[in-house]
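Novice: This structure is in C-alpha cells; I'll ask about it shortly.
Protein chains in written order, with my numbering: chain A, 1 to 378; chain B, 1001 to 1378; chain C, 2001 to 2378; chain D, 3001 to 3378.
Structural data, given as C-alpha cells:
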C-alpha cells in the first residue's frame, strides 16, 4: 500500500479539521493510500507543539520551510489564514510538492492566477478544500442532476447564513480585516455556495452584486477598549447567469441571527428540484415531476444508505455522519489523487473559477453593473 | 336540483362549524343537493336567536321538538353535548328523520346500541361526524393503502395530543364531567384516532389500555372559588390488535403542553409508510420502498392538487384549506347520501364500532387485561 | 348596523375568492358592517349568471357600468385581469365609489399614478388586495418587529415560487401576455413579496434585477396547434436596498418545479429572526437571541391562538384556517374602512409603491444598473 | 496524565464504533485520561488481525482470556453478541478488571443479576453502552427537565423505528435468534428507549405489552435456500407507569418501512415539552409554556453551541457531529470514571433496571396483564 507523507501548515480551526481527517481516513478507507502525518508547522512554538501532540503529528516545527525541505513529505497542506496562501503555495509547488490548500485560493485574483500557473508548471496535484463538495447528499444531488432526473436546470438559489458576528461587541479577528482575509462573508462562505453552484450547475458567466458592512467598527482583539475599522463585508448578495442559461440568486451573511451554519441551496429543473441545508447535511430534498400525480412531493432522503457516496465505509443505514467527515472524504480523494498523479476536484482550476466570481462580485459592487468573471489563465 | 331541509340542535362550537358547512357547501359544490338551513334549536333564547342570525338560519326555536315536527326538515343535526345525543337521536329516527350526529355516538355503549337499532329500524340516513375522515390527505392515505402501494399494513400508531387542559386553573366545563361527556380525552379525541384507524386499517379486535386523570380537581364554572372533582380521564393510552394482523399504539391527551391539535398517525406497511398530522392537514408524508434505492425518502405531498379528493372544488394548486372545510366535505357527503337514501361513511355503524373500542378500553383500564370490543348489534 | 353595498367586476379565480369573503365575513365578524352582495358584472352572460347563483349575488349584469350607476352600491370590487383595472377604477372613482382593486394596481406605472390621483381626488376608500398582508402569521411578524423584539432589521429575503407554468405545453392564457398582464412572475407574485417587504421592513430605495422567459413560446389557447410568443417573464430576481439600511434579495418564479405556492420570506434582525412560508400559512418561525443560551432556536408558532390577529373569530386553538380566509380578513378591513371613511392598508398608495418597485426592476433589467423606484405622486 | 489500558472483545459493528471512540477521544478531550488501545480479541484470526490493523489496536488475539491476563489492560470492553456478555463479564470482574459492556446487559434477567452482583463484588467500574445517553441534545433534555423548566413530567412517548428487516428475504443473523440475541426489537432498540426513559423520567414501575413477529421465517445465512424460524420479536409495544406518576407509551420496530434509525421521544410536562429524534440528533425541540403568549411554539435548538454538553470540544457553532460521537462521549466518561474509580452512568445498575423492564414486558406479553419490573439485587 502506498504511503503519502503529509506536512500541515496551520493548527487552528482548519488545522484541527484536517488533522482529524488524516488520522481517520484509513480506519474507514483501509484500501486508500495511507496518510502519514509527518509534521505540522506553526509560528507559536507552544501551540504547535501541543497541536502535534493532540492531533497526532509525528513532529512539529515553527518554520514551514522545514516541511518543504523534507523529502518524505509529499503533500503540503496549507491551512493558514488567506493572506499566507499565496506565499506558501508558490514555494510548495516550486519545491515540487503536491498542495492541498484551504479556500479561498488567495486574497486576490492576481495571486490566484499565479498559483494556478505554478500548479500547472509543477505538474503535481493541486486541490482546494471546498469540503462541502464531499457531503454525500451534495454528491447525490450531482448524480441526480447528471442522470437527467430533474431535467434542464433553470434556477439555482443559494444562501450561506451564519450569525457568529451578529454581536457588535465580538472582537475583530483576522477574518474581519481585508489584508488578512481578502473579503468577508463573500470569500469565507459565499465562496462555498459559489463553488457548489459551479459543481452542480456549471460555470457562472455574469454577476451583479452588493456588499455590506452593517457593523463597521469592532473592539480590537489586542485592546477591546479600542475600536477598529472592519474592512470586509459582513453580508453579500448577488444575481448570476450560468453558461447553461440558468439563473442564480446568492446570499451570504454572518449576521443572520439564529442561523448557525445554514449553507442551503435549491435547484429547480424542468422535471424536478433539489434542496439541501448543511445544518441537516445527512438529508437531501428531492422532487420528481414524473412521480404519479397524486403522490408528488419533496422527498426527504436520509443519505445514509450503502448506495450513497462514501456512506458504505461508515455506519449502517440511518447512522448519521458529521461535519468533520466531509474533510475525511476530501482527504480520501486527495490521497487517491496524489497516488495517481491526478488533481481531484475541486482542483486549483476550480479554486480559480470560484475566486473569479468573487472578484466579479466585488467589481460589480463597485461599479453597480453586471460584471464577467475572468477566465482561467491558459 | 334536490333541496334538503336541515334542522340543527346546538349552537356552540360544533353548531358554528356545522352551520358554516351548510352555508358554504353549495357555493363550492353547486351540483350537490342544496342545503336549506331551516331552523336551529337551543335552550337559551337569546343565544339561539343570535346564532340563527349570525350563522344564517331562517328560524330558531328553544324546543328541538319543533324541528322533529317540521315536515320540511329532512335532516336533524345533533350537535349537543354527548349526554343528549341518545334522546334526540332516538326521537329523530322515530320521527322518520335522517340524522347527522356529532361524535361520539353516545355516552355509553348501551345507548349507542339502541341508536344503531333505531337507525336500522327507521331506514333513514344515519351519519356520525368523524370529520377527519374528510380531510383530503386522509382520503389520499386510504386511496394509497387500497391501491396496495404500501403493501400489507403492519402497524398503526396514532396520537391525538391537545393541551387546552394543561392549566389546573382551567374551570370544569361539561367535557370534564362523566354524566355529560361520557369520558374525557378517550371519547373526545381518542375517538377520532380510533375511527381513523378503523377507516385506514380495519377493525380493531382487542385492546389493553390505561386512563389517567392527572388533574383530579378543578374550579367550578359556577363558582371558581370552589373545587369540583374531574370525573373523566385527561389522558389515555392503549395497545390494539387489528383483524388483519396489524398492531396499534394509541394515545390521547389534553395535557400535552405545546401540542394544540396534534391528531397524528403513522402507518407502516410492507412496501411503504404514511404519516399525517392535523396541524399540517394539507400535507401527507408518504414513503414507497419501490422508489429507486438512492432516492428513497418520505415525500411531503401538498394535498392541494386537482387530482386530490374534493380539492378541485376549492382553489388552485398550493392554496390550502382549513379545518372548517372538513365539515363542508362531511356535509357534502351527507347531502348526497340523503338524496340517494344511503348512509355515507362514517355511518352509525361506524360510530358504534368506534364506541365499542372506547368501551373496551375503559373495561381494560378497570380489569388490567386485554378486552374485546362488543360486536355491532344485528 | 351599517350595511355596505358591494358590486363585483369579475367572476373567475379572484371573483370566486372575493365573493366567498363577502359571504363569510359577517358570520365570523358579526359586529363588522354588513356586506350586501348586490351585483356581479362580467362579459359572458351565462357565466356571470351562474356565478351570481353559485356565489350568492343578488343580481348580475354584463355591463359593469350598471354597478357604477347603482346608488346602493358603495364599493366597486375590481377583480378583472390587470389591463382593465385602470379603466374601471378611474370610472368608479369618478362615480364617487369606494374601490377595492386586485393587484397589481395597473399594468403600467403611469396608469397607477393616475389611479392614485383619482383616488385622492375622490376622497373615497381605495384599497388594493394584497391579501397576504392579512395572514395572521404575517401580522404577527409585523407585531414582533414593531415591538423591537428582533431588533434592527438587517436583511430580508423573499421568494415566491410556483410551478404551474413548468410544463412547456401549458397554453398561453392572458397572464402570459404583456398587454393583458403587464408582466409575468414579477407583477403576479413578485408583487406580493415586494408588498410584504414594504409592510414588514419599509420602503425599498433601489433595485437591480433580471427578468427571464425560459419558455418563450407556448400553444395558443384558441388553437393549441399554433405557438405564440410569451411576452412576459416567467422568472425574476432582484437585489434591493431599504430606506432603513436593510438589504433585500427577491425572487419570483412560475417554473420552480415542486413549489406550489411557496411565498416565503426570512427577516434577520440584530436580536432575532422571522421566517414564513405560505404553504404553511398557519405557522411562523421566530428566533430570539435573548432566549437563554442553551435553548435558543427557531420557534414554530402555530398562529391559531386567541391572542393572534383575527384568530379569535374563527376556531379554537390548533384549528387551522385556509388561504381563502385571508380574503375574509381583507374584506373585513375594507368594510370597517368604508364605514369609517378611511382607506385601510394596503391602500392605493401602497399599491403604487409596490408598482414603482416593479417598474424599477423592469428598468434595471433593461439597463443592467441599479434603479430607483418613482416616488408616490403628490 | 493517567493512561488506561483497553482490551476489546468483538470487532464487528460495535467493535468498529468503540475502536473509533478510543482512537478519537484524546484528540478532542486531551485532558482526559489517555486511552491506550492495547489489544483486540475475536475468534476469526484473519478478521481480528485486519481489525487490529485498521482500527488501530497494538495487538490482537483469538482468545479473550489473553486480555484478562494482561496486567496492563484496565478495561475489558465487551462488544460481542448478547449471549456472550455474561461469560466474559463474569470473568472480567473476577479478574479485577473494569468492564464496559454493550447493551443489553445480558440475554436473561438472571444473568444480568449475577453480573450486577459480580460488579459490586469486584468494586471496579461497570458501565453499559447506552450511547444515546451521550447525545448532547439528550443531555440538554435532561438538564432542562432537572432545572424544572418544563415542570412536572406527565407523559413520555418513545418509539424506536428501524426498517432493516422489512424485507422477508433478509437472511437470519444472530440478532434474529433468541439463543444469541435474547430478544429482538425489544432488547436491541426497545432497550434504548427504555433506558432513555429511565434517564429522563425516572423508574418504570409497571408495564403491559405485546410482542410480535410479523415475518416468522427467513432464509438461513448458511444456506439461503432453506428457511429457519425467527425466534425473536420484530415489533413490540408497551404501556408503562413511572414512579413519579407519569405515563409512558413505547414502541420498537424493525419493520417500520422508511424509518432508518428513528429513535424518537416526546416528553410532556406541566410547563413545557421536549421532543427528540436520533435521525436529527443535533437538534432538540423544546416548548416552554411561560414564553409570551403570542410567540409560544416548539423551538428547534441546534445543539451545537459551546454551552451545550461536550460540544465545545468539537467544532464551532452549527457544525454538526455524527452518530459515532456518542461513543466518544461514552468512552470519555468511561475513562474519567476508571481514573476516579467511580462507575459513570449508565452503570451496570442502569443496565439491570433496563433489563428488568424488558423482562416485565416479556412476562406481560405472555400473561396479558400488567407486570412489575424486578428490583435491582441488593
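For glycine and all other residues, C-beta sits at the position ideal for the given N, C-alpha and C. Remember, predicted model here, so these are calculated numbers, not experimental data.
Are the C-beta atoms of residue 2251 of chain C and some chain A residue less than 8 Å apart?
Specialist: Answer yes: the Cβ-Cβ gap between residue 2251 of chain C and chain A drops below 8 Å somewhere.
Novice: Return the CA-CA distance between residue 2288 of chain C and residue 264 of chain A, expressed in angstroms with no decimal places.
Specialist: Residue 2288 of chain C and residue 264 of chain A: Cα-Cα distance of roughly 21 Å.
Novice: Does the beta carbon of residue 2265 of chain C come closer than 8 Å to any beta carbon on chain D?
Specialist: No, its Cβ sits nowhere closer than 8 Å to a Cβ of chain D.
Novice: Can you give me the start and stop residues for the alpha helix (DSSP H) that residue 1015 of chain B sits inside?
Specialist: Residue 1015 of chain B -> alpha helix (DSSP H) spans 1013-1028.
Novice: Where does residue 1244 of chain B fall in DSSP's three states?
Specialist: Coil at residue 1244 of chain B, not helix or strand.
Novice: Who are the neighbours of residue 190 of chain A on chain D, taking C-beta pairs under 9 Å?
Specialist: Within chain D, no residue comes near residue 190 of chain A; the closest Cβ sits about 16 Å away, beyond 9 Å.
Novice: Put residue 1379 of chain B into one of helix, strand or coil per three-state DSSP.
Specialist: Residue 1379 of chain B lies beyond the range of chain B shown here (1001 to 1378); nothing can be said about it.
Novice: Check each residue of the stretch 2142-2161 of chain C: if its Cβ is closer than 9 Å to any Cβ of chain G, include it; give the result in chain order.
Specialist: Note that chain G does not occur in the displayed structure, where the protein chains are A, B, C and D.
Novice: Go to residue 1350 of chain B, then tell me how far its alpha helix (DSSP H) extends in each direction, as first and last residue.
Specialist: Unbroken alpha helix (DSSP H) run through residue 1350 of chain B: 1348-1367.
Novice: Taking 8 Å as the threshold (beta carbon to beta carbon), is residue 315 of chain A in contact with chain D?
Specialist: So yes, residue 315 of chain A belongs to the interface.
Novice: Taking just the CA atoms, how far does residue 361 of chain A sit from residue 2386 of chain C?
Specialist: Because residue 2386 of chain C is not part of the residues shown, which for chain C are 2001 to 2378, the question remains open.
Novice: Closest to residue 1203 of chain B by C-alpha separation, out of B:1244, B:1231 and B:1123, would be which residue?
Specialist: Taking only the C-alpha atoms, the option nearest residue 1203 of chain B is B:1244.
Novice: Just reading off the alpha helix (DSSP H) that residue 1199 of chain B is part of, what are its end residues?
Specialist: Counting along the chain, the alpha helix (DSSP H) containing residue 1199 of chain B begins and ends at 1191-1200.
Novice: Does the distance from the CB of residue 209 of chain A to the CB of residue 218 of chain A come in under 8 Å?
Specialist: Cβ atoms of residue 209 of chain A and residue 218 of chain A: not closer than 8 Å.
Novice: According to a CB-to-CB cut-off of less than 9 Å, which residues of the stretch 1268-1287 of chain B neighbour chain A?
Specialist: Within the stretch 1268-1287 of chain B, the residues whose Cβ lies closer than 9 Å to some Cβ of chain A are 1283, 1284, 1285, 1286 and 1287, listed in chain order.
Novice: Using a Cβ-Cβ cut-off of 8 Å, state whether residue 3302 of chain D counts as contacting chain C.
Specialist: Judged by the 8 Å Cβ criterion, residue 3302 of chain D is in contact with chain C.
Novice: For the stretch 77-90 of chain A against the stretch 3058-3066 of chain D, do three or more pairs of beta-carbon atoms, one drawn from each stretch, fall closer than 8 Å, so that the two count as touching?
Specialist: Short answer: they don't touch.
Novice: What residue does the beta strand (DSSP E) around residue 342 of chain A start on, and which one ends it?
Specialist: Element bounds for residue 342 of chain A: n/a, residue is neither H nor E.
Novice: Go through the stretch 2121-2181 of chain C residue by residue and report every complete run of the alpha helix (DSSP H) that reaches 4 residues or more, in order.
Specialist: Whole alpha helix (DSSP H) segments, 4+ residues: 2136-2146 and 2178-2181.
Novice: For the alpha helix (DSSP H) that contains residue 90 of chain A, what are its first and last residues?
Specialist: It spans 85-94 - the alpha helix (DSSP H) in which residue 90 of chain A sits, taken as one unbroken run.
Novice: For residue 331 of chain A versus residue 137 of chain A, is the C-beta spacing smaller than 8 Å?
Specialist: No, these two residues do not count as a Cβ contact at 8 Å.
Novice: Note the first and the last residue of the continuous alpha helix (DSSP H) segment covering residue 65 of chain A.
Specialist: Counting along the chain, the alpha helix (DSSP H) containing residue 65 of chain A begins and ends at 65-69.
Novice: Spell out whether any CB of chain D is found under 8 Å from the CB atom of residue 299 of chain A.
Specialist: No, because no Cβ of chain D sits closer than 8 Å to the Cβ of residue 299 of chain A.
Novice: If the cut is a Cβ gap below 9 Å, which residues of chain B does residue 3124 of chain D touch?
Specialist: Result: empty, since nearest Cβ-Cβ is about 40 Å, beyond 9 Å.
Novice: Assuming residue 248 of chain A contacts residue 197 of chain A under a Cβ cut-off of 8 Å, what Cβ separation, rounded to an integer in Å, is found between them?
Specialist: 6 Å between Cβ atoms; contact.
Novice: Identify which residue in B:1276, B:1250 and B:1050 has its Cα closest to the Cα of residue 1133 of chain B.
Specialist: Minimum Cα distance to residue 1133 of chain B is reached at B:1276.
Novice: Determine the chain C residues that contact residue 212 of chain A at a beta-carbon separation under 7 Å, and present them in chain order.
Specialist: Those are 2247, listed as they occur along chain C.
Novice: So, does the CB of residue 1200 of chain B fall closer than 8 Å to a CB anywhere in chain D?
Specialist: So no, residue 1200 of chain B is outside the interface.
Novice: Over the uninterrupted beta strand (DSSP E) stretch that includes residue 3295 of chain D, give me the two end residues.
Specialist: Careful: residue 3295 of chain D lies outside any beta strand (DSSP E) and carries neither H nor E.
Novice: Is any beta-carbon of chain D found at less than 8 Å from that of residue 2068 of chain C?
Specialist: No, its Cβ sits nowhere closer than 8 Å to a Cβ of chain D.
Novice: Given that a residue counts as buried once 16 or more other Cβ atoms are within 10 Å of its Cβ, and exposed if not, what is residue 3013 of chain D?
Specialist: Residue 3013 of chain D comes out exposed.
Novice: CB-CB under 7 Å to residue 3300 of chain D, same chain, minus the five flanking residues each way: which ones, in chain order?
Specialist: Excluding positions up to five away in sequence, the list reads 3283 and 3285.
Novice: According to DSSP, what are the bridge partners of residue 262 of chain A?
Specialist: Per DSSP, A:161.
Novice: Give the range of the alpha helix (DSSP H) segment to which residue 46 of chain A is assigned.
Specialist: Its alpha helix (DSSP H) spans residues 45-55.
Novice: Compare the Cα-Cα distances from residue 3278 of chain D to each of D:3271, D:3262 and D:3026 and report the closest residue.
Specialist: It is D:3262.
Novice: Give me the residue from B:1363, B:1092, B:1126 and B:1044 with the minimum Cα distance to residue 1350 of chain B.
Specialist: Considering only alpha carbons, the answer is B:1126.
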